[in-house]
Amino acid sequence: MILDLGDGITLERAVALRMSDGTILHSDHYYPREAGPHPTLLMRQPYGRDIASTVVYAHPAWFARHGYNVVIQDVRGRGTSEGTFYPFRHEAQDGVDTLALLKKRPESNGKFGMYGFSYQGMTQWLLAARQPEGLLCIAPAQTAHDLYHGWFYYHGALRLASSLGWGLQMLKADARRAQDREASDKLEAAWANLPAQYLTTPYGHHPAIGGYVKDWFENDTPGPYWQAQDISQQVDQITLPALHLAGWFDTYLKGSIDAFQAMQHKPHHHLIAGPWIHIPWGDRIGPHTLGPEANLDTDALHLRWFNHWLKDTGEFTNEPRIRHYALNENQWHEADAIPTPNHTLYLHSEGRANSSKGNGTLTHLAPNTPEPPDLYNYDPEVPVLAPGGATNAPGPTNQAAMELGNNVLIYTTRPLTRSLHVFGSPEVAIHLATSAHTTDLVAKLICVKPNGDAQFLTIGILRRRGLTPDTPSLWSFPLEPTSIVFAPGDRLRLEIASSAYPLYDRNPNTHIHPRQADSWNWARSTQTLFHDQAHTSALHLPILPTPEES
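Heads up: the sequence shown at position 24 corresponds to 24 in the UniProt record's numbering, and the numbers run straight through without jumps.
Below, the structure written as structure tokens:
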């Protein structure tokens, strides 16, 4: 059936494309007013092709008005497409088959681009690694090229809230498709109260989950399971231009930035890093305003990108390699590369850095006198919450209330006398001893405003096993990247804890795996952070030169 959408744009629904194994996938095709053939924009997605990711992108008809065929396809086992859905597993070959079939259609001029965010971004990477003829450029947004490190796990800790939440969403759709009312009702009930699902222990035995979600939980180390479904080992096979888009408060920020950095040595890879969460992209996150410049016209940006590569207009010729949005300053900046840390602040205290009422400080001076260590307790039963609290709300949330607890160590600079622009991934090097054989270390970078608000910026975690109890060792790891301008009068703060729940799963501090642990096998631990002459603990920052310094 072909529908008239007005202004000469037409829609052909449920076009059947037969894959090489005989499975039929359905897609909706939008056609421009002008007679073809035309270049084609392809989106492959698992959420229903009628949605077409319009939560963040213009409707496909808008792109058709600008002279593109637009194809929105239900991936295998989703929507009305045949087959069984298993996330990521079939997307490379199905993408190859789809492109080959679309090239033969009379409306196609043989030039293709792809767009889409999240899962739709991953379908682009998987197809690009196959180097299909005719795919000239992609625009993956808020996604990952490495599923283990950039989507599901961070330095050994499961991204519990996003993995469980998205898993329930996918399983819920599977149950409806299978007309399994019992499973559907169970999953709907779980989905309706996600925060309660995070509390289920052991989370690996959650009664509503199974299939691929259990596989994610059980494959808790990088290896063949993950590499078979991503392109982390195929970066050299990516030869086409890519427009990467990331959000500073997005679930897949690390995955997006890691993908760009893995390919930044290649020509024609560009990064747009804005102040956004996963949905939507704009100038507000809940009650937080981000400045009018945050309302970047990403649709116009994508149109220029595709015009450049699919219509040879040259519109992207003078674009910088990187455009990044500086939080608090609320302005866009340009860069050729993401800098590495070049500035060090050292942790100090008088032995009581616990809470914002403590005496922890950050200075440029390394310890040159004996300093007592700071101790705090980590209790898996009462974990330090995620920056967004028990619901894991994203954004620059105020941490002031959370910082009143003694299970958090806090180190703060004096008020700044001039602005400071941090751009990139901060890193910590912490000397820590724990009474447990396994535990986690969490670090957060905070901007403390003159009124006392403690604005969350970025976070990182490291999970270690096989530790020798009560023996200091060096914990070094990066936080997720950011771009933030600290204004004069602001203070820079480092928070240290051993959980950020439910952003990450909690470590039980025992030999029991976190996915199998409950209150019967949780154990408290005492953490001792050293910052003396023999054990300097530090925060390393990537700081851009001020205009007068550059």
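The beta carbon of each residue, even a glycine, is placed where N, CA and C say it ideally should be.
Suppose contacts are defined by Cβ-Cβ distances below 8 Å. Is residue i in contact with residue j by that definition?
i           : j    : result
H348        : H540 : no
A262        : H145 : yes
D505        : L158 : yes
A433        : D470 : yes
A429        : S473 : no
A61         : I9   : yes
G113        : F306 : yes
L385        : Y501 : yes
P508        : E427 : no
P280        : A294 : no
L529        : L409 : yes
G95         : L126 : yes
H26         : T80  : yes
A128        : I238 : yes
I257        : G395 : no
L171        : I209 : yes
T536        : A523 : no
Q516        : I446 : no
Y115        : H278 : no
E495        : A443 : yes
residue 571 : H90  : Outside the displayed span of the chain (1 to 550) sits residue 571, for which this structure offers no information.
L85         : D174 : Note that residue 85 is Phe in the sequence shown, not Leu. The answer is yes: Cβ separation under 8 Å.
Check the DSSP bridge columns for residue i and list the partner residues they point to.
i    : result
Y376 : Q527
H333 : H324
F423 : S483
Q455 : N398 and C447
Y411 : L494
N354 : L409
T363 : Y346
T439 : R464
A429 : S476 and A538
L127 : The partner list for L127 (beta bridge, DSSP) is empty, contrary to what the question assumes.
L544 : H421
D532 : H535
Under the three-state reduction of DSSP, which class applies to residue i: helix, strand or coil?
i    : result
P514 : helix
M122 : helix
Q197 : helix
T434 : strand
D220 : coil
Y31  : strand
Y504 : coil
T417 : coil
V384 : coil
L462 : strand
L5   : coil
D215 : helix
T391 : helix
N368 : coil
Y203 : helix
G318 : Strictly speaking, residue 318 in this sequence is Asn, with Gly absent from that position. N318 falls in the coil class under three-state DSSP.
S519 : helix
E403 : helix
Ends of the beta strand (DSSP E) at residue i?
i    : result
W475 : S473 to P478
F112 : S108 to F117
V15  : T10 to R18
Tell me the residue span of the alpha helix (DSSP H) that contains residue i.
i    : result
L301 : T298 to L310
A92  : E91 to K103
Does residue i get closer than 8 Å to chain B when you measure Cβ to Cβ?
i    : result
A144 : The displayed structure is made up of one protein chain only, and chain B is not part of it.
**Asked** Along the chain, which unbroken stretches of the alpha helix (DSSP H) at least 4 residues long are found entirely within the segment 133-198?
**Response** 160-177, 181-192 and 194-198
**Item:** Continuous alpha helix (DSSP H) assignments of at least 4 residues falling wholly in the segment 221-299
**Value:** 224-227 and 253-263
**Item:** Runs of beta strand (DSSP E) wholly within the segment 25-79 (minimum 3 residues, chain order)
**Value:** 38-45 and 69-74
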